[in-house]
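Working notes, structure below.
Protein chains: 2
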Amino acid sequence: MAIMPAPLAPGSTIGVLGGGQLGRMLAMAAARLGLKTHIYSPETDCPAAQVADAATFADYDDEDALAAFAAAVDVVTYEFENVPDATAALLAEDVPVRPGANALAVAQDRLEEKTFLRSLGIATAPFADVQNIDGLKAALAEIGCPSILKTRRFGYDGKGQVRINTPDAAQAAWDAINAQPAILEGFVDFEAEISVIVARGLDGTVAAYDPARNAHENHILATSTVPSGYPDAVEAEARTIAERVVAALEYVGVMGVEMFVSPNGALVVNEFAPRVHNSGHWTIEACVVSQFEQHMRAVAGWPLGAPTRHANAEMTNLIGDEANDWQALAAEPGAGLHLYGKGDARPGRKMGHVTRLSPRD
Amino acid sequence: MAIMPAPLAPGSTIGVLGGGQLGRMLAMAAARLGLKTHIYSPETDCPAAQVADAATFADYDDEDALAAFAAAVDVVTYEFENVPDATAALLAEDVPVRPGANALAVAQDRLEEKTFLRSLGIATAPFADVQNIDGLKAALAEIGCPSILKTRRFGYDGKGQVRINTPDAAQAAWDAINAQPAILEGFVDFEAEISVIVARGLDGTVAAYDPARNAHENHILATSTVPSGYPDAVEAEARTIAERVVAALEYVGVMGVEMFVSPNGALVVNEFAPRVHNSGHWTIEACVVSQFEQHMRAVAGWPLGAPTRHANAEMTNLIGDEANDWQALAAEPGAGLHLYGKGDARPGRKMGHVTRLSPRD
Chain A
891 MAIMPAPLAP GSTIGVLGGG QLGRMLAMAA ARLGLKTHIY SPETDCPAAQ VADAATFADY
951 DDEDALAAFA AAVDVVTYEF ENVPDATAAL LAEDVPVRPG ANALAVAQDR LEEKTFLRSL
1011 GIATAPFADV QNIDGLKAAL AEIGCPSILK TRRFGYDGKG QVRINTPDAA QAAWDAINAQ
1071 PAILEGFVDF EAEISVIVAR GLDGTVAAYD PARNAHENHI LATSTVPSGY PDAVEAEART
1131 IAERVVAALE YVGVMGVEMF VSPNGALVVN EFAPRVHNSG HWTIEACVVS QFEQHMRAVA
1191 GWPLGAPTRH ANAEMTNLIG DEANDWQALA AEPGAGLHLY GKGDARPGRK MGHVTRLSPR
1251 D
Chain B
891 MAIMPAPLAP GSTIGVLGGG QLGRMLAMAA ARLGLKTHIY SPETDCPAAQ VADAATFADY
951 DDEDALAAFA AAVDVVTYEF ENVPDATAAL LAEDVPVRPG ANALAVAQDR LEEKTFLRSL
1011 GIATAPFADV QNIDGLKAAL AEIGCPSILK TRRFGYDGKG QVRINTPDAA QAAWDAINAQ
1071 PAILEGFVDF EAEISVIVAR GLDGTVAAYD PARNAHENHI LATSTVPSGY PDAVEAEART
1131 IAERVVAALE YVGVMGVEMF VSPNGALVVN EFAPRVHNSG HWTIEACVVS QFEQHMRAVA
1191 GWPLGAPTRH ANAEMTNLIG DEANDWQALA AEPGAGLHLY GKGDARPGRK MGHVTRLSPR
1251 D
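Line by line, the protein sequences are chains A and B. Counting from 1 along the first sequence, just add 890 to a position and that's the residue number in our numbering. Counting from 1 along the second sequence, just add 890 to a position and that's the residue number in our numbering.
Put into structure tokens, the structure is as follows:
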């Protein structure tokens, strides 16, 4: 039996790879617990560094900077899933990296991810491995049209994917994703996307928040609403699926698991992100322990917090110039406004979010 | 009619005098709104500097450091009431200081404070000005015994005060407070202390949170509980008193107003603090806009948030080695744990707090 490491004492330092708004909210959650945060980011004056105890501004392949970072922190985590393998491996020689390399490897590769889910008996969209144009044609014959061709790696918010409506569009699609290793996915007949924010502690305890119902605009999350509106049995099944995923990966930290709900209530997992998730921001206001604190508790070896929700909530992202409405949002009674400290409101950029609470059903 | 200044845009910097846990929680609240914080503190590695964008470590009479600080920030506020007059005056030459000099002057002097309250027709304990030992004897003849002799300035958490049980203890009491200008206060027959966290915005809007019932141990706040358990009429009167105080001072920011509740439900104001207040920490979990965010909204010229409470709450301070129980507290379902990043758990030192929510009555 493995010896359970002692939790990191208050005053310990958690290193975070990535300096965006997720890192910012992680740092703020850690501070509440008396834990320090050291941000590692290629970008200076990033949102997370503004609120952290310390920051290193260096590239992810800067071995000297990584070594110094590893020496300065007690554990390393990350706020984005595309951490380079070599970066994680180098850090792991000196300091625990949580979630671990296995979770990163599976989550970074859509084919690995779907294959892993299938191995657990969890429903996914039909999918096929695509290595080249002939493979794509074979996959189209198997999966049918319409379908969607996605690069195996480094896709997010609708990037790195193209819809194929007819088999004769295969070559154009293959060119559009720059002839990279890919996966062809069939479409799922669904009426909504929900997501479950789930955590697993170092001691193996798992805790899932209530599912949120998500709406997207332009492939970017627009709103997350809890409760989801689905029956208790569907919500319980969603939590169970998410718990099975983190248990099977021996995961440590918070994960966001996205699922489609079929018209008959069946659940199909779309993808999971090995990090805190935009669809879990509502937990800041609606739960005593937010997803951000939960993640920092897990990576620090602390007990998980109860994922209990004391209110209904709707989270709305502020994308691009929507954040210019801050004065009106600040004046709205009961609106919890969050702005991420980003200077430039470029189109499509997540600038902040608002959470509105209502009494629990 | 005065022109209302524009609110500080996100990205602006709020300077905070003082680097303790109140400054820490102010900085975290500002960060949520995309506002930056610059801490000014004589103590390096103070709790607030750990989470702020910038920090200046210098004494409050260091004119060069103060000038540089004023030049680096858009507005100045403070987390403790004993800001030296000269410090505030020097800063105010270059940058708005909120709350203003008037509030500081009144709140720093117990005699001014009580005289001001009396001028508003707000009930206080009986009190008399004490300038010397003869004055103390005259005051004792007027107020009677038991009574309490307090220095006019720089008292908190029971410091700078001594109880007088019989007139022949006058000289000893006078010596005990080092023969400083003082106030003699009569005792009030009360069954509980409550406090109201109230805010006034730059536009004159006022907003009071629900009163908390406070319990002390060794002259230090132990717990704050909302609702207070008093009838609606008493709670409404308490909020009204607090609102009148901030209105009369043309105050900008959050104030904590402490009151005694007589057995017949009458309210007597004990004192007020021109800053966020320990008895308002419960607002972090139980309200969408906490007292800390409310204060930063006010000093930045933003609209006040609604002081609505969505849950019942009990806040318990962690004093000295009570914070050593962090592992058990972290494991307690529903407990919101806050640790302040202080290294040394000296007896009597506020190391953190816990807030426990329950469904709203």
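We treat Cβ as the ideally placed atom computed from N, Cα and C, and that holds for glycine. The model shown is predicted, which means the values in this text are computed figures rather than measured ones.
For residue i and chain B, any beta-carbon pair shorter than 7 Å?
| i | result |
| --- | --- |
| A/W1172 | no |
| A/L912 | no |
| A/H1200 | yes |
| A/G1143 | no |
| A/L1279 | Beyond the ends of chain A as shown, which are 891 and 1251, falls residue 1279 of chain A; an answer cannot be given. |
| A/M918 | yes |
| A/L1247 | yes |
| A/A1220 | yes |
What does residue i touch in chain B if you count any residue whose Cβ is under 7 Å from its own?
| i | result |
| --- | --- |
| A/V941 | A921 and V941 |
| A/P897 | Q1217 |
| A/G1025 | What A/G1025 touches in chain B: nothing, since even the nearest Cβ is about 47 Å away. |
Which term fits residue i, buried or exposed, when burial requires 16 or more other beta carbons within 10 angstroms of its beta carbon?
| i | result |
| --- | --- |
| B/S1085 | buried |
| A/M891 | Residue placement at A/M891 is poorly supported in this model, since its pLDDT is 48, which falls under 50; the coordinates are not used for a value here. |
| A/R1129 | buried |
| B/D975 | exposed |
| A/I1009 | Checking the displayed sequence, the identity of residue 1009 of chain A turns out to be Ser instead of Ile. Answer is exposed; the Cβ neighbour count stays below 16. |
| B/S1248 | exposed |
| B/P1164 | buried |
| B/P1197 | buried |
| B/R1236 | exposed |
| A/R914 | buried |
| B/K1049 | exposed |
| A/T967 | buried |
| A/N1068 | exposed |
| A/D1234 | exposed |
| A/R1000 | buried |
| A/P989 | buried |
| A/H1109 | exposed |
| A/F1006 | buried |
| B/M1186 | buried |
| B/T1056 | exposed |
| B/S931 | buried |
Taking Cβ-Cβ distances shorter than 7 Å, what residues in chain A pair up with residue i?
| i | result |
| --- | --- |
| B/K926 | Q940 |
| B/W1216 | P900 |
| B/R1103 | Here the premise fails: no neighbours, minimum Cβ distance about 21 Å. |
Below 8 Å on C-beta distance, what does residue i contact in chain A?
| i | result |
| --- | --- |
| B/E1175 | V1178 |
| B/P1223 | G1195, A1196 and T1198 |
| B/R1187 | A1220 |
Is residue i close to chain A? Criterion is C-beta to C-beta, closer than 7 Å.
| i | result |
| --- | --- |
| B/G1210 | no |
| B/P1237 | no |
| B/M891 | Any reading at B/M891 is ruled out, since the residue's pLDDT is 47, under 50, leaving its predicted position unreliable. |
| B/L1092 | no |
| B/G905 | no |
| B/G1226 | yes |
What does residue i touch in chain B if you count any residue whose Cβ is under 9 Å from its own?
| i | result |
| --- | --- |
| A/G1191 | By Cβ distance, chain B contributes nothing, its closest Cβ being about 10 Å from A/G1191, past 9 Å. |
| A/G909 | Ordered by position in chain B, no residue passes the 9 Å Cβ test against A/G909, which lies about 14 Å from the chain. |
| A/G1034 | Ordered by position in chain B, no residue passes the 9 Å Cβ test against A/G1034, which lies about 47 Å from the chain. |
Our contact map puts residue i next to residue j with C-beta atoms below 8 Å; I'd like the distance itself, whole angstroms only.
| i | j | result |
| --- | --- | --- |
| A/P900 | B/L1219 | In fact, because the Cβ distance is near 11 Å, the residues do not count as touching under 8 Å. |
| B/L923 | B/E1107 | At roughly 35 Å, the Cβ-Cβ gap does not stay under 8 Å, so B/L923 and B/E1107 are not in contact. |
| B/A1203 | B/R1246 | 7 Å |
| B/A982 | B/Y1141 | B/A982 to B/Y1141, Cβ: 15 Å. No contact. |
| B/T1113 | B/T1206 | 5 Å |
| B/P1153 | B/G1076 | Contact flag wrong, Cβ pair sits at about 16 Å. |
| B/G1191 | B/P895 | 6 Å |
By the criterion of Cβ-Cβ separation under 9 Å, what are the contact partners of residue i in chain A?
| i | result |
| --- | --- |
| B/G1233 | G901 |
| B/G1011 | Correct list: empty, because the minimum Cβ distance to chain A is about 31 Å. |
Given a limit of 7 Å on CB to CB distance, which residues of the stretch 983-1000 of chain A reach chain B? none
Using a Cβ-Cβ cut-off of less than 7 Å, give me the residues of the stretch 1151-1165 of chain B that come near chain A, in sequence order. none
Along the stretch 1119-1146 of chain B, what residues have a CB closer than 7 Å to any CB found in chain A? none
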